[in-house]
Each structure stands twice: as C-alpha cells, then as structure tokens.
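Each residue of the sequence shown is one higher than the one before, starting from 5 at the first, in this note's numbering.
Here is the structure we will look at.
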Amino acid sequence: MATLPKVNVVWLKRDLRLNDHAPLAELTKSENPSILIYIFDPQLLNAPDSDFRHWRFVWQSLQDIKQQLIKVNGDIHIFHDDSKTVFNQLLAQFDIQNVFSYQETGNAISFERDKLIKQLLQFNQISWKEFQCNGVIRGLSNRNNWDKEWQTFMTAPIDNVDLKNIVFDKTPVNLDYQKSLPEEIFANKSEFQPGGETYAWRYLSTFLNQRNQTYSAHISKPLLSRKSCSRLSPYLAYGNLSMRQVYQMTIMQLGRTGYKRGLINFISRLHWHCHFIQKFESECRIEFENFNRAYDQIVKPRNASFINAFENGTTGIPIIDANIRCLIKTGYTNFRMRAMLVSFFCFNLWQDWRELHFLARQFLDYEPGIHYPQLQMQAGTTGVNTLRIYNPIKNALEHDPEGLFVKQWIPELADVPLPMLHTPWQLSETEQTLFNCKLGIDYPLPIVDIEESQKFATQLMWGFKKNKDAKEEGERILKTHVKSRPMKKKSPKKK
Ligand SMILES: Cc1cc2nc3c(=O)[nH]c(=O)nc-3n(C[C@H](O)[C@H](O)[C@H](O)COP(=O)(O)OP(=O)(O)OC[C@H]3O[C@@H](n4cnc5c(N)ncnc54)[C@H](O)[C@@H]3O)c2cc1C
C-alpha cells in the first residue's frame, strides 16, 4: 500500500485572513507540507440564522485569500459537504499530523460539528490545536480577571505570518464529493459590503484617517452612521481582520491625532465585541433559552400577521419599516436602530425574541456571540440590564429629523412633509390626497398603537423585574458574567 503524504491542516472558519493568524504561524514552524481548508457545511447553510449574504461574504473572502496565496504558489481547498465527510475524505488521502484552527464561538450547529470532528480526530490519534480567538476565553468561570486578560491579548505582538515559509502540499485534493454551491453565493451585489482582507483594510484605514471625526456625533443616525461608523463588523465577524490588528492600529492613530473622542468611543466598542461573545461562550444555551430563566413565566402569544408585517417592512410605522427595508437590501443598520427594532418587536408587538432569526439573516455581520446576548438584552430577558423600551417616533424625530432616511426607503411617503412623515396615520383625508398617500392603500395604517402597547409592556416588564425568581437568577447572571467589585472597606467608627 502506498504511503499517504504527511500534512498539517489549517481549518479556516471565522478567521478568513492570512496575517495575525496563530494557526498559520504554526505552519511556518513545521517541516511538514500543509494544506488550508474551508468547509461550506450544508447544515450551517440551511440553518434558520443563515442567509446567502453571509456565504457570499465568505466566498469573497476566500477569493481574496486565493489571490494572495497564488503569489507564494499556495492554495486553499474549498469544500461543500458536511464536515465529517470532508475530514473522512482527507483522512483517506493524507496522513494528517496536526489540525490547527481557531476556537469558534458559533451557534449550536457549529458547536455540535466541532464535537464530532474532535471525536473523529481523537479516534485517529490526530492532535487538533485550537487557538484562542480574539479576547474570548474558553472555559472561563467568572469575569474577575477578564479585562486584564483582554488587554494583555490585544497588546501582545501580532502573529506575523510569512507565507513564503509555509510549504504547501501539492497533492491534488480529491474533490469527487464536492457538490456545487448555490449560485446566489457568486452573485455580484453591490449594495452589500464586499468580503475580504483587502476591503477590510480599506475600511479600517478610511475610518482611522478620516471617518472617525463624525463617529460619535452620527453613531445613532440611520443615514449618517453608514459613513461615520467604522463598518468593520462583517470584517471582524468573519475574521478578515483580527481584533488585535484593529486595536493596535487604533491605538497608533490615537497617538497621532488631535481628535481623540471618536477613537476612544470606538475602542470601548471593540472591548464590547469580545465582552458579548464571552457571555455567549460561557452560556451558549441562550441561543434558545431566556438568559434569566424566570422570564419563562412571561407568555407572548405568536402573532403571524405581526411577524409578517415586521419582516416585510409594512408595520405602518415609517422608521421601523425603513430600517427593515434597508436591512433587507444592504445588510446594515446601526446599533440604536437594531435595538429599536428588537424593542418594537418584543414590546410593542409583544412577540418572543426567539422569533427573530429573521434579523440574524439580515445582518451581514451576524455573529452569534454578539447577536443572542444583544437580542436578550434589548428584549429585557436578562433581568439585570436597564430596561429600554424605545419610542420609535421619538427616535425618528431625533435621529432622522429631516426624514431623509425614511424617504429613501419608503417611496410611498415621498410627498409627505415633516413632521407628519414620521406619523402618517395623523394625515387627514384631504392631506392624504394632497400628499399622494392613501392610508391603508399606498401605505399601511399602524398595526399597533405605539403608546398603548408601550404602556402595557412598561408596566409588565418593570413589575416583573421585582419578581423573586427573576432577582435570584439576576444574581447568578451577575456572578458569572460581570466582574465582581471589591467590597468597600468600611471606615472605622469614630469613637
Ligand atoms: C439586536 C442586536 C443585534 C446585534 N447583532 C450583531 C451581530 O450579529 N454582529 C455584530 O458585529 N454586531 C451586532 N450588534 C452590535 C452593533 O449593532 C454592531 O456591531 C454595529 O452596529 C456594527 O457597526 P460598525 O462596525 O460600524 O460599528 P462601530 O460602532 O464602528 O463599532 C466597531 C466594532 O465594535 C463592535 N461593536 C460595536 N457596537 C457593539 C455592541 N453594541 N455590542 C457588541 N459589539 C459592538 C463591532 O464589532 C463593531 O464592528 C447587534 C446589536 C443589536 C442591538
């Protein structure tokens, strides 16, 4: 029997870049030839939180990697099959010495996949070394030293990878089992941010050199934030950039610029990124269950027509509909608008956050580790965060004061003047004719009374915060996910 070629394998997942990459750096230290792989696993592609936009971004990132690898006579093998089948095929073709990858804080499907691959590799006595991803620590029981560890990780030297020092194995990989990927993944959609390391660095550079000047002022504005925010989220979610690269470049720029406010605010969000993923890493059941189990007592009957109107941007509340339509088309809206959408869905429409896979599918930057803790925080099911019930009309007037965003996404309201634009249900019959917008025909009447529904949710949710079970669960959550503060020393009583 012919001996199989010895190789090391780097399995790329949400780390689609070629620098500051610990698994790749490992290859440069080895004598063995190496292969790089990426697996489009149908189980993940077909999951309820998945959309073609995500996989298109991944595909574009892989093309960028391929282009860079050509220069060093290397390549990456791309598969479309379930991960176990792929590894079994590789095992039949290669004598795998080591598998290197980053730890992934993904959804339940990727977690189960990883457990299966771990078993398979263990059975074949192959070591799988998984490196810490960004500032997220596996197996952490409390947060007492986490901030310090985050800082240490971010300030450590970049894991430089000299691709010339990697010996790429040239054996043609058996692709017989490769099934074709859906066509939508290759489509050119210019409304979305393009994937890949090259674009990631461009976004970082324009943000640090210029766009950050208006970051803090525009962060919540649905139109202006599109330019003033960094827009790095998909690049971080798919690892086109490491958090350490972004952090260190920002610190460098902070030392050079006179205008620091935006960059300081930005750095705190980089920290949040890992803080939220750490929560999910430590308690991943929150993909399916209320963070605070006491909130299971609150019943929200499913209303299919509400959900349908929300997902189609036809709720009759312009700022809500504009955001949904914009998300469907471009995959992006800013933090405040996301929080407002969740608040509207969970409080005004009184629907369960578990019905919001729709949002995961729309966000180009969908990152399970941020998404689920944020959803639950905004839905008020942690019981420990300040309850925020956003008033969509107030937010529209404050953050889209000229109505430009609403007009861009709701052409039916193009002729409606301010301030009625944000509350078109107040138009009289004559005004509806004058402004070419017949309510209920051209644009829907609101599916819910904002004030009434807000009052109902406020009373119920604030009342529930005092519930004994909710408080007990809250203490447990704080112990696990928040740094414990040292007890204040009592000053000795004066005698
Ligand atoms: C319900 C809900 C779901 C969300 N889902 C995601 C998600 O799936 N993926 C995702 O990356 N962000 C998510 N966010 C957080 C936030 O809205 C986005 O990170 C941000 O809008 C991305 O735009 P930006 O890159 O221009 O952000 P910037 O303001 O430029 O911030 C820089 C980076 O910091 C991180 N960041 C910023 N704000 C937050 C935040 N509030 N929490 C955690 N990290 C943050 C992101 O990585 C972001 O790219 C969610 C927020 C809410 C309310």
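In this text, a Cβ means the ideal position worked out from N, Cα and C, and glycines have one as well.
In this text the structure is predicted, and so the values were computed from the model without any measurement.
- If you draw a straight line from the Cα of Thr254 to the Cα of Glu455, it comes to about 43 Å.
- As DSSP reads the structure, Val171 sits in no beta bridge.
- For Lys133, the enclosing beta strand (DSSP E) covers residues Ser131 to Phe135.
- Residue pairing by DSSP places Phe44 opposite His84 in a beta bridge.
- Between Lys231 and Arg215, the gap from beta carbon to beta carbon is short of 8 Å.
- Counting only the Cα atoms, Ile332 lies some 27 Å from Phe439.
- Nearest neighbour of Ser131 by Cα position, chosen from Phe270, Glu359 and Asn12, turns out to be Asn12.
- Between ligand 1 and the CB of Ser234, the shortest heavy atom gap is smaller than 7 Å.
- Between the C-alpha atoms of Thr334 and Leu120 there is a straight-line separation of about 35 Å.
- Looking only at Pro322, Pro450, Lys17 and Leu227, the smallest Cα-Cα distance to His403 is reached by Leu227.
- In the DSSP secondary-structure assignment, Asp99 is bridged to Lys10.
- When rounded, the separation of the alpha-carbon atoms in Glu108 and Lys10 is 26 Å.
- Look at Ser105 here: in three-state DSSP terms it is strand.
- Between the alpha carbons of Gln252 and Val420 lies a gap of roughly 47 Å.
- Between Ile80 and Leu66, the beta carbon gap of about 6 Å places them in contact (Cβ cut-off 8 Å).
- At a cut-off of 7 Å, the beta-carbon of Leu379 counts as near ligand 1: some heavy atom of the ligand is closer than that.
- DSSP places Tyr447 in the strand class (E or B) of the three-state scheme.
- By the Cβ rule, the region 28-42 counts as touching the region 161-177, because three or more pairs are nearer than 8 Å.
- Taking the Cα positions, Leu443 is about 15 Å away from Val452.
- Ile311 is not bridged by DSSP to any residue.
- CA-CA distance, Leu20 to Arg60, rounds to 13 Å.
- Arg147 has its Cβ no nearer than 7 Å to any heavy atom of ligand 1.
- Judged by beta-carbon spacing, Tyr242 lies beyond the 8 Å limit of Cys233, meaning their Cβ atoms are not closer than that value.
- Remark: C-beta atoms of Val346 and Leu379 approach each other more closely than 8 Å.
- Under a 10 Å Cβ-count criterion, Leu464 is classified as exposed, with fewer than 16 other Cβ atoms of the shown protein chains found around its own Cβ.
- Assigned with DSSP and collapsed to three states, Leu66 falls in helix.
- Beta-carbon to beta-carbon, Thr202 and Asp68 are separated by about 5 Å, close enough to satisfy the 8 Å threshold.
- Counting the other Cβ atoms within 10 Å of the Cβ of Val140 gives 16 or more, which makes it buried.
- At a cut-off of 7 Å, the beta-carbon of His375 counts as near ligand 1: some heavy atom of the ligand is closer than that.
- When rounded, the separation of the alpha-carbon atoms in Phe362 and Ala308 is 13 Å.
- Relative to ligand 1, the nearest heavy atom lies less than 7 Å away from the CB of Tyr370.
- Taking C-beta separations shorter than 6 Å and ignoring five residues to either side along the sequence, the partners of Trp354 in its chain run Lys304, following chain order.
- Proximity of the beta carbon of Asn338 to ligand 1 is indicated: a heavy atom of the ligand is located closer than 7 Å.
- Under the three-state reduction of DSSP output, Ser38 falls in the strand class.
- In terms of side-chain proximity, the C-beta atom of Gln382 is found nearer than 7 Å to a non-hydrogen atom of ligand 1.
- Between Leu16 and Leu48 the beta-carbon gap is near 14 Å, outside 8 Å, which marks them as no contact.
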